[in-house]
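Undergrad:
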Amino acid sequence: MADGQGRALGSGSNPWCSAFLHFKFLLFKAPVARWVFSFAVFWSMIKKIRKGREWYMKIFLQKTKLLTAICIISIFVSISKVVTAELPEWFNGAEEWFQFIDNLSMAYIASYLFYIVQVYIPEKKKEDSLIPRRAALQREVQLFTIWIVNMWENFYKYVGENGILKYEMNGNILNSQALLKIYDDIELSKECHCIAESIPDKSWESYFKTECDRIIEFGNRIIEYRASELPPDIFYAVFYLTSESGTISMPNQLLKIFHSGIPNEYNVITLGQLIPKQAGSDIRDINMDVESIKKLIVWVNQEYKFLQKQKKYSLSNICKITSFADLNK
Numbered sequence: 001m002a003d004g005q006g007r008a009l010g011s012g013s014n015p016w017c018s019a020f021l022h023f024k025f026l027l028f029k030a031p032v033a034r035w036v037f038s039f040a041v042f043w044s045m046i047k048k049i050r051k052g053r054e055w056y057m058k059i060f061l062q063k064t065k066l067l068t069a070i071c072i073i074s075i076f077v078s079i080s081k082v083v084t085a086e087l088p089e090w091f092n093g094a095e096e097w098f099q100f101i102d103n104l105s106m107a108y109i110a111s112y113l114f115y116i117v118q119v120y121i122p123e124k125k126k127e128d129s130l131i132p133r134r135a136a137l138q139r140e141v142q143l144f145t146i147w148i149v150n151m152w153e154n155f156y157k158y159v160g161e162n163g164i165l166k167y168e169m170n171g172n173i174l175n176s177q178a179l180l181k182i183y184d185d186i187e188l189s190k191e192c193h194c195i196a197e198s199i200p201d202k203s204w205e206s207y208f209k210t211e212c213d214r215i216i217e218f219g220n221r222i223i224e225y226r227a228s229e230l231p232p233d234i235f236y237a238v239f240y241l242t243s244e245s246g247t248i249s250m251p252n253q254l255l256k257i258f259h260s261g262i263p264n265e266y267n268v269i270t271l272g273q274l275i276p277k278q279a280g281s282d283i284r285d286i287n288m289d290v291e292s293i294k295k296l297i298v299w300v301n302q303e304y305k306f307l308q309k310q311k312k313y314s315l316s317n318i319c320k321i322t323s324f325a326d327l328n329k
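With the first letter of the sequence shown counted as 1, position 208 gets the number 208 in full-length UniProt numbering; the numbers rise by one all the way through.
(1) Would DSSP call Thr68 helix, strand or coil?
(2) For the candidate residues Ile283, Ile109, Gln273 and Ala279, whose alpha-carbon lies nearest to that of Ile72?
(3) In the DSSP assignment, find the alpha helix (DSSP H) that holds Asn154 and state where it starts and stops.
(4) Once you ignore the five residues that flank residue 347 on each side, which residues in its own chain have a CB closer than 6 Å to its CB?
(5) For the alpha helix (DSSP H) containing Val300, list its first residue and its last residue.
(6) Between which two residues does the alpha helix (DSSP H) carrying Cys212 extend?
(7) Taking 8 Å as the cut-off, does the segment 235-246 touch the segment 277-296 (at least 3 CB pairs, one atom from each stretch)?
(8) Can you grab the Cα-Cα spacing for the pair residue 331 / Ile275, in whole Å?
(9) Within the same chain, show all residues whose beta-carbon is closer than 8 Å to that of Val77, passing over the 5 residues directly before and after it, in chain order.
(10) Can you tell me whether residue 334 is buried or exposed, with buried defined as 16 or more other CB within 10 angstroms of its CB?
(11) Please state whether DSSP places Glu127 in a helix, a strand or coil.
(12) Would Ile248 and Ile173 be called neighbours here (beta carbons separated by less than 8 Å)?
(13) Beta-carbon separation of Arg284 and Leu179 under 8 Å?
(14) DSSP state of Thr322, grouped into three classes?
(15) Measure the C-alpha to C-alpha separation of Gly160 and Tyr183 and round it to an integer number of angstroms.
(16) Look at the alpha carbon of Glu54 and the alpha carbon of Pro251, and state the distance between them as a whole number of angstroms.
(17) How about Ile286 and Ser176: do their beta carbons lie closer than 8 Å?
(18) When you compare only the Cα positions, how much space is there between Glu191 and Tyr236?
(19) Quick check on the DSSP output: the alpha helix (DSSP H) that includes Asp233 runs from which residue to which?
(20) May I have the straight-line CA-CA distance separating Gln273 from Leu188, to the nearest angstrom?
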């Protein structure tokens, strides 16, 4: 009697219970229904990922695409294990293998969730909180790089416009041989139109000293205050250009020596004569100068690309270096 009442209650008096029992029968007794249900669940997950909510795409797919893809596959395996539980085995021992794979999938899902909650989300929050400092650092290195290349470009414009340059460059100043030719064609005593009107001595010597002092001072500030924040290769590029460069720091030091009362025994006329030679030879090697600048340009543009994708902050003051025509922007 009680059983009859219970069946009547489940199948007749409560339409929701009746619907659930019919769904359960179709799901676990009909093989086609099991596969349709499994595919529907998997396809629904794929559609949600493709459409994506912003928070899901940002947190789970930005840096963990491979881990997330494996987790989705693991979820699909676990769902398939449930909905195909009563299907006949495809081969002897298939059930044991499927159970083993399902256990691995469940373990991976648990590990993935632990990683996301305990590692990835805290690291992501920490990284997001450092974005303003990262933007400031990118801007500082960008300015440092721009000032150097802008100085080189002014040299190139001068020798090109005045027909002094005797070397075919095709507009590329980031070439050690071309840069040496430009330095050789800049006479220190000649008038320079790139310097401020308030400075009475408008020679290329004054312009070079003024620019080098500004570049070196700014580079030293980056080295002093940003050492722990810069990648090692970028830090060394700034350090080299500030302290050891054959086109900036060394010529600037020689000019200061010549103007400190020490006679100019070498009769220096051009900037090129200030570039130091290798010991025991006449070779002037400035490849490291050019490579350091190229490295800084690549890093600045990579950081710009990353910062442009950040939607949490408005970073309107950051810029990239695309061509020498854009260097003053």
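Backbone N, C-alpha and C define an ideal beta-carbon position, used for all residues, glycine too.
TA: Result, derived from the coordinates:
(1) helix
(2) Ile109
(3) Ile131 to Glu161
(4) Nothing in the structure corresponds to residue 347, since the chain is present only between 1 and 329.
(5) Its alpha helix (DSSP H) spans residues Asn287 to Gln308.
(6) Looking at the DSSP string, the run of the alpha helix (DSSP H) that includes Cys212 is Trp204 to Arg226.
(7) The segment 277-296 makes contact with the segment 235-246: 3 or more CB pairs, one atom from each, lie closer than 8 Å.
(8) Outside the shown range of the chain, which is 1 to 329, sits residue 331, and nothing can be said about it.
(9) Ile101, Asp102 and Ser105
(10) The displayed coordinates of the chain run from 1 to 329. Any statement about residue 334 would go beyond what the structure contains.
(11) helix
(12) no
(13) no
(14) Three-state DSSP puts Thr322 in coil, outside helix and strand.
(15) 12 Å
(16) Low confidence applies here, because Glu54 scores a pLDDT of 44, under 50, leaving its location unreliable and the question unanswered by this model.
(17) yes
(18) 34 Å
(19) Pro232 to Ser243
(20) 10 Å
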